[in-house]
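The block underneath contains the structure these notes are about, expressed in structure tokens.
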Amino acid sequence: MQQVKSCGFILFSGNRADPQKSFLLMKHPDRYDLPKGHIEAGESDLECALREMNEETGIPISTVKIEPDFQYRSIYYPKYARYDNETIEKTLIIFLGWVDSPTVTTSTEHLGYEWIDWHPPHQIQAQTIDPLLAQVQAYLGD
């Protein structure tokens with residue numbers, strides 16, 4: 009079975025103490041996604057996540073304040089077009105970061121983006137995003 013690793017970020021605007029938080033999701037034609045992508049040879053998980061975040065959002069890496077104690081990890085088994093729609097083992101690693109300026113420039117990979125108000129619990133995408141948001145909620149104590 010093919011194994012794929014994807015790393016990315018869940019980005020919040022402002023800071024942890026803000027009562028009105030929002031988080032960034034990227035738009036595809038039929039779903040939301042996070043700024044994330046496949047790891048390249050020689051990259052650490054964090055290096056991959058930062059590179060992909062920058063490529064897909066235009067947000068400068070230097071402006072992201074990373075929560076050092078948060079990391080979400082999930083393994084699931086989707087069918088993957090790159091491998092003739094065979095089932096693969098996909099590892100997803102997501103870091104948590106804060107940005108002061110919510111200005112985003114989307115890449116051609118997405119139709120757009122949306123800052124979603126933080127009012128847990130959220131029901132956005134059962135397989136990957138909802139479990140991540142539940143772990144973020146527990147981490148933030150919201």
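By the working numbering, the letter at position 110 of the sequence shown is numbered 118, and the numbering carries on one by one without gaps. Cβ atoms here follow ideal geometry from the backbone N, Cα and C, with glycine treated the same way. These figures come from a predicted structure and were not determined experimentally.
Report the option in the options whose CA atom is closest to the CA atom of residue i.
i	options	result
Trp106	Lys13, Phe78, Thr95, Ile132	Phe78
Leu148	Arg90, Thr71, Trp126	Trp126
Val144	Phe20, His118, Tyr88	Phe20
Ser155	Glu60, Thr65, Lys98	Lying outside 9 to 150, the shown extent of the chain, residue 155 is not represented and no answer is given.
Ala134	Phe103, Tyr84, Asp53, Thr116	Tyr84
Phe103	Gly50, Tyr40, Ser82	Ser82
Tyr121	Asp41, Pro68, Glu55	Asp41
Gly45	Arg39, Ile96, Val72, Gly16	Gly16
Which residue marks the beginning of the beta strand (DSSP E) containing residue i, and which one marks its end?
i	result
Leu19	11-21
Leu32	30-35
Gly45	44-46
Roughly how many angstroms lie between the CA atoms of residue i and residue j, to the nearest whole one?
i	j	result
Val12	Leu58	18 Å
Val112	Ile74	18 Å
Leu33	Ser70	20 Å
Tyr88	Pro43	18 Å
Ile47	Ala142	25 Å
Over what stretch of residues does the alpha helix (DSSP H) that includes residue i continue unbroken?
i	result
Glu55	53-65
Could you tell me which residues DSSP puts in a beta bridge with residue i?
i	result
Tyr147	In the DSSP output, where bridge partners are listed per residue, Tyr147 has none listed.
Ala41	Checking the displayed sequence, the identity of residue 41 turns out to be Asp instead of Ala. Paired residues: Met34.
Ignoring anything shorter than 3 residues or poking outside the region 67-137, list the beta strand (DSSP E) runs there in chain order.
Taken in chain order, the unbroken stretches of beta strand (DSSP E) that lie wholly in the region 67-137 and span 3 residues or more are 80-84, 97-107, 120-125.
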